[in-house]
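Residue 1 is where the sequence shown starts when you use UniProt numbering, and the numbers rise one by one after that. Below: the structure, in structure tokens.
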Amino acid sequence: LVLGLMGLFEKRRFRKFLVYVANFDENDPRTFEGVDPKKTTMRDVYKKFDLGQDVIDFTGHALALYRTDDYLDQPCQETINRIKLYSESLARYGKSPYLYPLYGLGELPQGFARLSAIYGGTYMLNKPIEEIVIENGKVIGVKSEGEVARCKQLICDPSYVSDRVTKVGQVIRVICILSHPIKNTNDANSCQIIIPQNQVNRKSDIYVCMISSAHNVAAQGKYIAIASTTVETAEPEKEIKPALDLLEPIEQKFVSISDLFAPTDLGTESQV
């Protein structure tokens, strides 16, 4: 509310909306104020508070973190809970609602390995996968170098189960090395920028994540920015340009385009 993203009257309306979200409790009908969280669409909730399109874009994509506008015509309960989570996270941690592990995302599996070991789990790195063992249509283990590691459920990369996934699109990612913080971020050593789809005439948002030596992932004075989005045309590098323009000058960049897969079923029977 202290930013210049909206005018005075819009801020008042948005504040009323945020107060409503903060007080909302899906188990207490007294907080609904005429809204049925399981039936009323989010579009109607925005209309109830008379919010403008720019504020709607900001709320749905920067706060609720939706990548498309499909959520607008769905029941509002999940969206309200997402905004509530964002607000509570921001209140708890101060400058940002996000947490990022020191030394990079590789610390997440390392943390899992330590916790897993406490409960008797085994962590095996760089092991070749020979076979996913299925019995009576259900996974029972993974075979590696003649041994079977038994399990009740398998979580894996799509490349291991190509017969159980289908390609649904592509994602372009550009890793950029910078010698400066991103402009207009008050020289922040980390930030996330979301460019809503409507602002750049797209069907999905463009994301930028910037981290630095403050997270022990870059040398002092260097910054790493990762821009990404869903590919919608035959020229994905042009699609990502609005994000790259924010990062100039870029010292070096690395572009990758990856296929996006979705499971052909929910895996409730196979547990894969």
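Glycine included, every Cβ here is placed at the ideal spot set by N, Cα and C. The model shown is predicted, which means the values in this text are computed figures rather than measured ones.
Give me, in chain order, the residues of the same chain whose beta-carbon lies closer than 8 Å to that of residue i; leave out the 5 immediate sequence neighbours on both sides.
i, result
"E239", "I172, R202, I206, T229, V231, E232 and T233"
"V142", "I129, E131, I132, V133, V148, A149, C151 and L154"
"L244", "V174, C176, A227, I250 and K253"
"P160", "For the record, residue 160 in the displayed sequence is Tyr; it is not Pro. Same-chain partners within the cutoff: I129 and I132."
"K16", "F49"
"Q170", "T230, V231, P236, I257, S258, D259 and L260"
Can you give me the Cβ contacts of residue i inside the same chain, cut-off strictly under 7 Å, excluding the 5 residues immediately before and after it?
i, result
"P158", "V165 and F261"
"Q271", "K138, V139, K152, Q153 and L154"
"K39", "P75"
"K46", "The residue you asked about is not Lys; residue 46 is Tyr in the sequence shown. Around Y46: I56."
"Q77", "E26, P37 and K38"
"V217", "Y103, G104, I211 and I224"
"T31", "N23, F24 and D25"
With distances taken from CA atoms, which of the options is nearest residue i?
i, options, result
"F14", "L178, K48 and Q170", "K48"
"N189", "V161, L178, K84 and C76", "L178"
"F9", "L51, G60 and V255", "L51"
"T68", "I194, C176 and Y46", "I194"
"K84", "V19, G7 and S204", "V19"
"E235", "A219, L246, S256 and I250", "S256"
"A225", "K16, P181, P263 and Q197", "P181"
"V200", "R30, N136, Y103 and P242", "P242"
"P101", "D54, Y123 and H215", "H215"
"K95", "N186, Y119 and E33", "N186"
"N126", "P29, E145, Y66 and A219", "E145"
"M6", "D28, F58 and V35", "F58"
With DSSP run on the structure shown, which of helix, strand or coil describes residue i?
i, result
"A262", "strand"
"F9", "helix"
"S159", "helix"
"P128", "coil"
"I83", "helix"
"E232", "coil"
"Y223", "strand"
"Q252", "strand"
"I118", "helix"
"P269", "Note on residue identity: the sequence assigns Glu, not Pro, to residue 269. Of the three classes helix, strand and coil, the one that applies to E269 here is coil, per DSSP."
"K238", "helix"
"residue 344", "Nothing can be reported for residue 344, as the shown portion of the chain is limited to 1 through 272."
"S89", "helix"
"I257", "strand"
"S213", "helix"
"L1", "Its pLDDT being 47, under 50, L1 is placed unreliably by the model, and nothing is read from it."
Please list, in chain order, all residues of the same chain as residue i whose beta carbon is under 6 Å from its beta carbon, the five residues on each side excluded.
i, result
"V72", "Checking the displayed sequence, the identity of residue 72 turns out to be Leu instead of Val. So the qualifying residues of the chain are M42 and R43."
"L63", "I83 and Y86"
"C209", "Q192 and I226"
"E237", "none"
Can you determine whether any heavy atom of the ligand MG sits closer than 8 Å to the C-beta of residue i, and answer yes or no?
i, result
"V139", "You won't find the ligand MG in this model; it holds no ligand whatsoever."
task = Determine contact between the region 111-129 and the region 81-97, defined as no fewer than three beta-carbon pairs at a distance below 8 Å.
result = no
inquiry  = Check whether the region 143-152 and the region 160-169 are in contact - that is, three or more C-beta pairs closer than 8 Å.
reply    = no
task = Taking only runs that begin and end inside the region 9-67, name each unbroken alpha helix (DSSP H) of 4 or more residues, in chain order.
result = 42-48 and 53-57
query = Hey, which unbroken runs of the beta strand (DSSP E) at 3 residues or more fall wholly within the region 141-210?
reply = 147-150, 165-178 and 191-195
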